[in-house]
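Asks: Mind having a look at this structure? Questions to follow.
Number of protein chains: 4
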Amino acid sequence: MKQQVIKKLKDRGVEIKDMVPILYDLQKPYIPDLTMKECEESILAVLDKREIQHTILTGIALDELAEKGMLEEPLLSILRKDDGLYGIDEILALGMGTLYGTIGSTNFGYLDKVKPGIIKNLDTTPGRVNTFLDDLVCGIVAAAASRMAHHNRDVKEKETN
Amino acid sequence: MKQQVIKKLKDRGVEIKDMVPILYDLQKPYIPDLTMKECEESILAVLDKREIQHTILTGIALDELAEKGMLEEPLLSILRKDDGLYGIDEILALGMGTLYGTIGSTNFGYLDKVKPGIIKNLDTTPGRVNTFLDDLVCGIVAAAASRMAHHNRDVKEKETN
Amino acid sequence: MKQQVIKKLKDRGVEIKDMVPILYDLQKPYIPDLTMKECEESILAVLDKREIQHTILTGIALDELAEKGMLEEPLLSILRKDDGLYGIDEILALGMGTLYGTIGSTNFGYLDKVKPGIIKNLDTTPGRVNTFLDDLVCGIVAAAASRMAHHNRDVKEKETN
Amino acid sequence: MKQQVIKKLKDRGVEIKDMVPILYDLQKPYIPDLTMKECEESILAVLDKREIQHTILTGIALDELAEKGMLEEPLLSILRKDDGLYGIDEILALGMGTLYGTIGSTNFGYLDKVKPGIIKNLDTTPGRVNTFLDDLVCGIVAAAASRMAHHNRDVKEKETN
Numbered sequence: 358m359k360q361q362v363i364k365k366l367k368d369r370g371v372e373i374k375d376m377v378p379i380l381y382d383l384q385k386p387y388i389p390d391l392t393m394k395e396c397e398e399s400i401l402a403v404l405d406k407r408e409i410q411h412t413i414l415t416g417i418a419l420d421e422l423a424e425k426g427m428l429e430e431p432l433l434s435i436l437r438k439d440d441g442l443y444g445i446d447e448i449l450a451l452g453m454g455t456l457y458g459t460i461g462s463t464n465f466g467y468l469d470k471v472k473p474g475i476i477k478n479l480d481t482t483p484g485r486v487n488t489f490l491d492d493l494v495c496g497i498v499a500a501a502a503s504r505m506a507h508h509n510r511d512v513k514e515k516e517t518n
Numbered sequence: 358m359k360q361q362v363i364k365k366l367k368d369r370g371v372e373i374k375d376m377v378p379i380l381y382d383l384q385k386p387y388i389p390d391l392t393m394k395e396c397e398e399s400i401l402a403v404l405d406k407r408e409i410q411h412t413i414l415t416g417i418a419l420d421e422l423a424e425k426g427m428l429e430e431p432l433l434s435i436l437r438k439d440d441g442l443y444g445i446d447e448i449l450a451l452g453m454g455t456l457y458g459t460i461g462s463t464n465f466g467y468l469d470k471v472k473p474g475i476i477k478n479l480d481t482t483p484g485r486v487n488t489f490l491d492d493l494v495c496g497i498v499a500a501a502a503s504r505m506a507h508h509n510r511d512v513k514e515k516e517t518n
Numbered sequence: 358m359k360q361q362v363i364k365k366l367k368d369r370g371v372e373i374k375d376m377v378p379i380l381y382d383l384q385k386p387y388i389p390d391l392t393m394k395e396c397e398e399s400i401l402a403v404l405d406k407r408e409i410q411h412t413i414l415t416g417i418a419l420d421e422l423a424e425k426g427m428l429e430e431p432l433l434s435i436l437r438k439d440d441g442l443y444g445i446d447e448i449l450a451l452g453m454g455t456l457y458g459t460i461g462s463t464n465f466g467y468l469d470k471v472k473p474g475i476i477k478n479l480d481t482t483p484g485r486v487n488t489f490l491d492d493l494v495c496g497i498v499a500a501a502a503s504r505m506a507h508h509n510r511d512v513k514e515k516e517t518n
Numbered sequence: 358m359k360q361q362v363i364k365k366l367k368d369r370g371v372e373i374k375d376m377v378p379i380l381y382d383l384q385k386p387y388i389p390d391l392t393m394k395e396c397e398e399s400i401l402a403v404l405d406k407r408e409i410q411h412t413i414l415t416g417i418a419l420d421e422l423a424e425k426g427m428l429e430e431p432l433l434s435i436l437r438k439d440d441g442l443y444g445i446d447e448i449l450a451l452g453m454g455t456l457y458g459t460i461g462s463t464n465f466g467y468l469d470k471v472k473p474g475i476i477k478n479l480d481t482t483p484g485r486v487n488t489f490l491d492d493l494v495c496g497i498v499a500a501a502a503s504r505m506a507h508h509n510r511d512v513k514e515k516e517t518n
C-alpha cells in the first residue's frame with residue numbers, strides 16, 4: 358500500500374523530495390550533523406505505518422471528491438473554500454503527527470501555521486481542492502521529525518552507555 | 358446546519374430517540390434522578406457544536422460514497438469491510454467525544470467496544486456501509502455524557518455554595 | 358529507565374503478570390491462537406517506549422505525592438478522592454493508548470470503564486491514592502493490544518504475499 | 358477555583374495581561390476589529406473551564422515540586438532540564454488547546470515553537486523550573502484563540518441570517 362500512497366501524493370503534486378527540505382529546516386537546529394538523506398529515510402519510514410497510509414488515502418479522497426463536486430452540501434462548500442473552522446483536516450493530520458509521541462503536535466501546529474515550502478503552494482493552488490492535502494503534508498513531516506528526535510536520542514544514549 | 362445533520366443521521370437509520378436510552382443507561386449509575394428528557398437535551402446540545410456537525414457530515418459522506426462504490430481502492434475495500442485497523446473512524450469519533458473533556462474518551466471507548474442498542478445494529482446491517490456511523494453515534498453519546506457529567510457537577514456546586 | 362519503571366509499578370502493586378491476563382482476555386476474541394507469552398512480550402515492548410515510561414513515572418509521582426499529602430489544595434483533595442471529573446489521569450493514559458494508533462482509544466475506554474482484574478482492585482485500595490495508577494494500567498494494556506493487533510496483521514499479510 | 362488558578366499563575370510569573378497581547382497578535386490577522394478587551398474576556402472564559410483549571414494546577418504542581426527537589430529520579434532531572442522528549446508537558450497543554458476544537462492544536466503548536474512574549478522568558482528563567490508553565494500558557498492562549506474563532510463566526514452567522 359505504501360507505493361500507492363506515494364503515487365497518490367505525487368498525483369496530487371507532492372513528492373518525497375518536496376518534503377525533505379521542510380523536515381531538514383525543522384530539525385537542523387537540534388541535530389547539527391543532519392543530512393538530507395536521513396530526512397528522506399525518516400519520511401519513508403513514516404509512510405510505512407498503516408494508520409498514516411489510511412489517513413493520507415482518506416484525506417486525499419475527500420479533496421478529490423470535493424474537486425469533482427461529488428460531495429453533498431454543505432460539506433462540498435466547506436471543503437471547497439477550505440473553511441478554517443472545518444477542523445476535520447487538522448484532526449486527521451494531528452493524529453498522524455502524534456503517532457511518534459506528542460512532541461509531534463508542536464511541529465504539526467508550527468508547520469500548519471507557517472506553511473513553509475510546498476505547503477504554502479498547496480494551500481493556494483487555483484482550481485484545486487487541497488483542504489486536506491496541506492495538513493497531511495504537515496502531519497507527515499511532523500511525524501518524521503518526531504521519529505527522528507526520538508531515534509537520535511536513542512543512538513546517543515547507546516553511544517554513552 | 359443542525360437540522361441537516363439530524364436529517365442525515367435519520368436518513369442513515371439513527372434518530373435522537375435511538376441514542377437517548379444508550380446515554381441514559383450510561384449515566385444513570387452516576388446521576389440517580391436522571392430523566393430521559395435530560396438525555397435528549399444533552400444530545401441536542403452536543404449536535405449544536407460546529408465541529409461535531411462537521412465530523413458527522415464527513416463520516417457519513419465517506420460511508421455513503423463507499424456504499425455507492427465511489428471511492429478508489431484500496432480505500433473502498435477497507436471501508437466496505439469495516440477493517441478494524443482502519444482507525445480513521447475512531448480518530449474522528451474520539452475527537453467528538455473529547456470536545457467536552459477527556460472523560461469523554463472513556464465513554465467513547467466503552468460504547469465502541471460494547472456496542473449497546475442501535476450501535477450494534479448499525480455495525481451489522483447487511484448491504485450498508487456504516488464504518489463511520491457506528492463510531493459517530495458512540496462519539497455523540499460519549500460527548501453528551503461528558504457534557505452532562507460536567508453540567509451536573511456545576512449545578513451541585515452552585516447549590517452548595 | 359525501563360527497569361526503573363517496572364520496579365516502580367511493582368512498588369505500587371502492579372506486576373507484569375497482573376496485566377498479562379487482562380490483555381489476553383481483551384485480544385483472545387480476535388487472535389484465536391493467542392498465548393500468554395505473546396501478551397507478556399507485547400506489554401514489555403510497550404514499556405520500552407520513552408513516552409510511555411515518562412507517563413508512568415509522572416502519574417505515579419502524583420499518586421505518591423497525594424498519598425503523602427505533599428500537594429497543595431485543591432489538587433490534593435481532587436487526587437485523594439479520585440474525582441471523576443479531574444480528567445488529567447485519563448488524558449495521560451489515553452496518550453499512551455494511542456501511541457500505537459487510535460484503535461488504542463477504544464481499548465483504553467473499555468478497560469477504564471469495566472476495570473477488569475487488578476484495575477478494579479487498584480481503584481479501591483483503602484489508604485492508597487491510585488488516581489493515576491489504574492488509568493496507567495489501562496493505558497499500558499490498551500497500547501499493548503493495539504500494538505498486537507497491528508503486528509498480527511503485518512504477519513498475516515506477509516504470509517499471504 | 359478560578360481565582361486560585363489565576364493567583365497560582367501570578368505566583369509563577371504569569372498574569373492575564375501577559376497573555377492578552379499574545380492572543381491579540383495571533384488573532385488580529387483573522388479578526389480586523391479585534392480589541393484587547395475581547396482577548397482578555399476570552400482568556401478569562403477559558404480559565405472558567407474545570408478541565409483547564411485542573412491541567413494548570415497539575416502542571417504547576419510538577420514544576421514547583423521539581424524546583425524544590427521533591428520528585429524522585431529520573432523524573433526530577435527530566436523536569437529540571439526541560440527535556441525536549443519528555444512529552445507530558447505537551448500532552449497536557451495540547452489537551453487544553455483542543456477543548457474548543459482541533460483548530461486549537463495549530464495555534465498551540467505554533468506558540469510552543471515560536472514562543473512569543475512571556476512564553477520565551479518562562480522558558481529561560483534561571484533557577485526556576487517552568488517545564489510545564491510555558492506549555493500551559495501556550496495552551497491557554499491557543500484555547501482562547503480557538504474559542505474566539507468559533508465565537509466570531511457564530512456572531513457573523515447570526516447577523517447574516
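Protein chains in written order, with this note's numbering: chain A, 358 to 518; chain B, 358 to 518; chain C, 358 to 518; chain D, 358 to 518. The beta-carbon is built from N, C-alpha and C at its ideal position, and this holds for glycine as well.
What are the boundary residues of the alpha helix (DSSP H) that residue 437/C is part of?
Replies: By one-based count along the third sequence, residue 437/C stands at place 80. Taken as a continuous stretch (DSSP letters only), the alpha helix (DSSP H) holding residue 437/C covers 432 to 437.
Asks: I'd like to know whether the C-beta of residue 507/A is nearer than 7 Å to at least one C-beta of chain B.
Replies: Counting from one through the first sequence, the residue named residue 507/A turns up at place 150. So, not an interface residue.
Asks: Using a Cβ distance threshold of 8 Å, determine whether the region 462 to 476 of chain A contacts the region 421 to 440 of chain A, with at least three qualifying pairs required.
Replies: no
Asks: Three or more C-beta pairs under 8 Å: does that hold for the region 439 to 456 of chain C against the region 381 to 389 of chain C?
Replies: No: the two stretches stay apart, fewer than three of their Cβ pairs being nearer than 8 Å.
Asks: Could you work out which residues of chain B lie near residue 459/D, taking near to mean beta carbons separated by less than 8 Å?
Replies: By one-based count along the fourth sequence, residue 459/D stands at place 102. Under the 8 Å cutoff, chain B gives 408 and 452.
Asks: Is there a C-beta anywhere in chain A that falls below 7 Å from the one on residue 428/B?
Replies: In the second sequence, the residue the question calls residue 428/B occupies position 71. Chain A contact via Cβ: present.
Asks: Mind pulling the chain C residues with CB within less than 9 Å of residue 412/D?
Replies: Numbered from 1 along the fourth sequence, position 55 holds the residue referred to as residue 412/D. Correct list: 444, 445 and 448.
Asks: Identify the contact partners of residue 499/D in chain C, using a Cβ-Cβ distance below 7 Å as the criterion.
Replies: Here residue 499/D refers to the residue found at position 142 when the fourth sequence is read from its first residue. Ordered by position in chain C, no residue passes the 7 Å Cβ test against residue 499/D, which lies about 15 Å from the chain.
Asks: Identify, in the order they occur along the chain, each residue of the same chain with its Cβ nearer than 6 Å to the Cβ of residue 470/C, setting aside the five sequence neighbours on each side.
Replies: Along the third sequence, one-based indexing puts residue 470/C at 113. If we look at residue 470/C and ignore the five residues flanking it on each side, it has no Cβ neighbours.
Asks: By the 10 Å Cβ neighbour count, where 16 or more other Cβ atoms means buried, how is residue 503/C classified, buried or exposed?
Replies: Here residue 503/C corresponds to residue number 146 of the third sequence, with the count starting at 1. So residue 503/C counts as buried.
Asks: In angstroms, rounded to a whole number, what distance separates the CA positions of residue 377/B and residue 494/D?
Replies: Position 20 of the second sequence, counting from 1, holds the residue named residue 377/B. Position 137 of the fourth sequence, counting from 1, holds the residue named residue 494/D. Taking the straight line joining both Cα atoms gives about 38 Å.
Asks: Could you pull the start and end residues of the alpha helix (DSSP H) that residue 407/C belongs to?
Replies: Here residue 407/C corresponds to residue number 50 of the third sequence, with the count starting at 1. Counting along the chain, the alpha helix (DSSP H) containing residue 407/C begins and ends at 407 to 424.
Asks: Using the Cα positions of residue 367/D and residue 454/C, report the straight-line distance between them to the nearest angstrom.
Replies: For the purposes of this step, residue 367/D is taken as residue 10 along the fourth sequence, with counting starting at 1. For the purposes of this step, residue 454/C is taken as residue 97 along the third sequence, with counting starting at 1. So the two alpha carbons sit approximately 34 Å from each other.
Asks: Of all the residues that make up the region 476 to 490 of chain D, which are near chain B by a beta-carbon distance shorter than 9 Å?
Replies: Answer in chain order: no residues at all.
Asks: Once DSSP output is grouped into helix, strand and coil, what is the label at residue 496/B?
Replies: What you label residue 496/B is simply residue 139 of the second sequence in a count that begins at 1. When secondary structure is reduced to three states using DSSP, residue 496/B falls in the helix class.
Asks: For the pair the region 444 to 451 of chain B and the region 409 to 417 of chain A, tell me if three or more CB-CB distances fall below 8 Å.
Replies: yes
Asks: Identify which residue in 429/A, 434/A and 380/A has its Cα closest to the Cα of residue 355/A.
Replies: A question about residue 355/A goes unanswered here, because the residues of chain A that appear run from 358 up to 518.
Asks: Please confirm whether residue 463/B has its beta-carbon closer than 7 Å to some beta-carbon of chain C.
Replies: Within the second sequence, the letter at position 106 stands for residue 463/B. Answer yes: the Cβ-Cβ gap between residue 463/B and chain C drops below 7 Å somewhere.
Asks: For residue 518/A and chain C, any beta-carbon pair shorter than 7 Å?
Replies: The count along the first sequence starts at 1 and reaches residue 518/A at position 161. Here residue 518/A scores only 49 on pLDDT, less than 50, and its place in the model should not be relied on; the value that follows carries that caveat. It does not; no Cβ of chain C falls within 7 Å.
Asks: Pull up the distance between the alpha-carbon of residue 373/D and that of residue 404/D, whole angstroms please.
Replies: Here residue 373/D corresponds to residue number 16 of the fourth sequence, with the count starting at 1. Here residue 404/D corresponds to residue number 47 of the fourth sequence, with the count starting at 1. The alpha-carbon atoms of residue 373/D and residue 404/D are separated by roughly 10 Å.
Asks: Starting from the Cα of residue 508/B, find the closest Cα among 358/B, 364/B, 408/B and 457/B and give me that residue.
Replies: Numbered from 1 along the second sequence, position 151 holds the residue referred to as residue 508/B. Residue 508/B has its Cα closest to that of 457/B, out of 358/B, 364/B, 408/B and 457/B.
Asks: Am I right that residue 482/A and residue 452/C are in contact with their C-beta atoms under 8 Å? What's the rounded C-beta distance?
Replies: Numbered from its first residue, the first sequence carries residue 482/A at position 125. Numbered from its first residue, the third sequence carries residue 452/C at position 95. Not confirmed; about 35 Å, so no contact.
Asks: Less than 7 Å between the C-beta atoms of residue 475/D and residue 375/D, yes or no?
Replies: Working through the fourth sequence from its first residue, we reach residue 475/D at position 118. Working through the fourth sequence from its first residue, we reach residue 375/D at position 18. Yes, the Cβ-Cβ distance between residue 475/D and residue 375/D is below 7 Å.
Asks: Residue 406/B: buried (16+ other C-beta within 10 angstroms of its C-beta) or exposed?
Replies: Position 49 of the second sequence holds residue 406/B. Buried, by the Cβ-count rule.
Asks: Within the continuous alpha helix (DSSP H) that includes residue 484/A, where are the two ends?
Replies: Here residue 484/A refers to the residue found at position 127 of the first sequence. No alpha helix (DSSP H) contains residue 484/A, which DSSP labels as neither H nor E.
Asks: When we look at the beta-carbon of residue 429/A and count the other beta-carbons within 10 Å, is it buried (16 or more) or exposed?
Replies: Position 72 of the first sequence, counted from the start, is the residue given in the question as residue 429/A. Label assigned to residue 429/A: exposed.
Asks: Check whether chain B comes within 7 Å of residue 470/C, counting only Cβ atoms and requiring the distance to be less than that.
Replies: Along the third sequence, one-based indexing puts residue 470/C at 113. Yes - at least one Cβ of chain B is within 7 Å of the one on residue 470/C.
Asks: Does residue 398/D come out as helix, strand or coil in the three-state DSSP assignment?
Replies: Translated into the one-based positions of the fourth sequence, residue 398/D becomes position 41. Helix.
Asks: For residue 518/B, is the classification buried or exposed, using 16 other Cβ atoms within 10 angstroms of its Cβ as the cut-off for buried?
Replies: Against the second sequence, residue 518/B aligns to sequence position 161. Residue placement at residue 518/B is poorly supported in this model, since its pLDDT is 49, which falls under 50; the coordinates are not used for a value here.
Asks: Alpha carbon to alpha carbon, how far is residue 500/D from residue 408/D? Give it in angstroms, no decimals.
Replies: Position 51 of the fourth sequence, counted from the start, is the residue given in the question as residue 408/D. Position 143 of the fourth sequence, counted from the start, is the residue given in the question as residue 500/D. Rounded to whole angstroms, the separation of the alpha carbons of residue 500/D and residue 408/D is 12 Å.
Asks: Let me know the secondary structure DSSP gives residue 452/B once reduced to three states.
Replies: For the purposes of this step, residue 452/B is identified with residue 95 of the second sequence, where counting begins at 1. Helix at residue 452/B.
Asks: Alpha carbon to alpha carbon, how far is residue 497/B from residue 361/D? Give it in angstroms, no decimals.
Replies: Within the fourth sequence, residue 361/D is the residue found at index 4, counting from 1. Within the second sequence, residue 497/B is the residue found at index 140, counting from 1. Their backbone Cα atoms lie some 33 Å apart in a straight line.
Asks: For residue 487/C and residue 492/A, I'd like the C-alpha separation in whole angstroms.
Replies: In the third sequence, counting from the first residue as 1, residue 487/C sits at position 130. In the first sequence, counting from the first residue as 1, residue 492/A sits at position 135. Going from the Cα of residue 487/C to the Cα of residue 492/A covers about 39 Å.
Asks: Helix, strand or coil for residue 469/D? Go by DSSP, reduced to three states.
Replies: To locate residue 469/D, count along the fourth sequence from 1; it is residue 112. Here residue 469/D sits in helix by DSSP.
Asks: May I ask you to report which of helix, strand or coil DSSP gives residue 428/C?
Replies: Within the third sequence, numbered from 1, the residue matching residue 428/C stands at position 71. Note: residue 428/C maps to coil in three-state DSSP.
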